[in-house]
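The structure appears below as structure tokens.
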Amino acid sequence: PLVFATGNWYFGTRTVGTPTAVDLNLYNYGVGPIGPLTVVGGEPPTSQFAMSETCTGATVPQDGHCVFTFTFTPDAAGTFADTAAFNVAGEDFVLHLAGVGAPANGTISGSVTLVNALPASVRNVYVTSLDGSSPRQFHDQPSNYSVSVPPGSYCVSFGIGPWDGTLSSYPNQRSCRDSITPVTVTSGATVSGVDATLTLSSITGTVRDHLGAAVPSLYVYARSAASTAENYDPTDAAGEYTVGNLPPGTY
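Residue numbering for the sequence shown follows our numbering, beginning at 2 and increasing consecutively.
Now the structure itself:
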């Protein structure tokens, strides 16, 4: 009449040295209560996994349960697996456990200075592996930012959202391919001083029809001659527009 919640549990990827626990129920689906219970075995043999339980000495009512708690604490990077075998009130149970240990993240911090940016512009920080994989985007960052990433070497770049035609890479190169200075992050460490200055401009004007009357609510686009990046602004009631947050260039 005793039924365990599952025969397998995968803890996923967890930071080295950080414990993660899961509660798994042992149910009484028999007729009437069972107990007091005795539990024999159960402790996984490897140090990365541990077990505790509330079943020993408990009397479990019909359709009730007691709890086994299993904990995964990786002590190194890699994949771990173990088996917990235990007997409760004469019934045998086996639980297969697995999990992956990953190094603790590191931190990249610095400042992003905006020059001639439109009001309420937001700062975005982009962290990408040097081979172009695993791009990470951190939107709406403060001027003094701090972002958490796994250990590795990265291209760090910056832009003003939501238009990323403003993109500039550390240290203030137009692209990550231009004389890039990689930022190497190690587990648990902080790389500071990864700064950027985004110097921007605006194009302003007035749109009128053939009679000279202002044309409102017309979208004016500024498209970079050197790339596919573009920005836009609608004209106001007077036909005036300001396409801002443009990096230096030809449009």
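Just so you know, even glycine gets a beta-carbon here, dropped at the ideal spot from N, CA and C.
Using CA coordinates, which residue listed in the options is at the minimum distance from residue i?
i    : options                : result
G102 : V195, G36, N125, P151  : P151
A215 : P75, A99, P248, D237   : D237
A190 : E241, S135, N106, S203 : N106
T55  : T16, V89, V128, V192   : V89
V113 : P172, N26, V17, E44    : P172
S170 : A78, Y146, V195, S134  : V195
A197 : D179, L168, V23        : L168
W10  : G100, G58, V32         : G100
P120 : L96, I161, G153        : I161
G13  : N145, G79, S134        : G79
S48  : V23, G31, T57, A85     : A85
G8   : E92, V32, L96, D64     : L96
Y155 : N145, T182, Y146, G58  : T182
R178 : P143, G153, G133       : G133
Y146 : R137, G153, S135, T108 : T108
V23  : P143, P217, M52        : M52
Given that a residue counts as buried once 16 or more other Cβ atoms are within 10 Å of its Cβ, and exposed if not, what is residue i?
i    : result
R209 : exposed
G111 : buried
Y220 : exposed
H66  : buried
V157 : buried
V186 : buried
A239 : exposed
P248 : buried
A226 : exposed
P45  : buried
N29  : buried
L212 : exposed
V184 : buried
Are the beta-carbon atoms belonging to residue i and residue j less than 8 Å from one another?
i    : j    : result
F159 : V148 : no
V116 : D141 : no
F87  : F81  : no
L201 : G245 : yes
P62  : P34  : yes
F73  : R15  : yes
G18  : D83  : no
F71  : L98  : yes
G36  : T60  : yes
G206 : Y242 : yes
A223 : I204 : yes
L25  : F50  : no
Got a sec: does the ligand COA put a non-hydrogen atom nearer than 7 Å to the Cβ of residue i?
i    : result
L119 : As presented, the structure is devoid of all ligands, the ligand COA included, so that no description of it is given.
Quick one: does residue i have its CB under 8 Å from some CB of chain C?
i   : result
L98 : Included in the structure is just one protein chain, with no chain C present.
- Query: So does the stretch 121-137 actually touch the stretch 35-54, counting three or more Cβ pairs closer than 8 Å?
  - Reply: No, because fewer than three Cβ pairs between the stretch 121-137 and the stretch 35-54 fall closer than 8 Å, the two stretches do not touch.
- Please list the segments of the beta strand (DSSP E) lying wholly inside the stretch 82-154, counting only runs of 3 or more residues, in order along the chain. 92-103, 107-116, 123-130, 137-142, 145-150
- Within the stretch 24-86, note down every full beta strand (DSSP E) run reaching 3 residues or more, in order along the chain. 40-42, 50-54, 66-73
- 3 or more residues per run - each beta strand (DSSP E) lying fully within the stretch 206-230: 220-224
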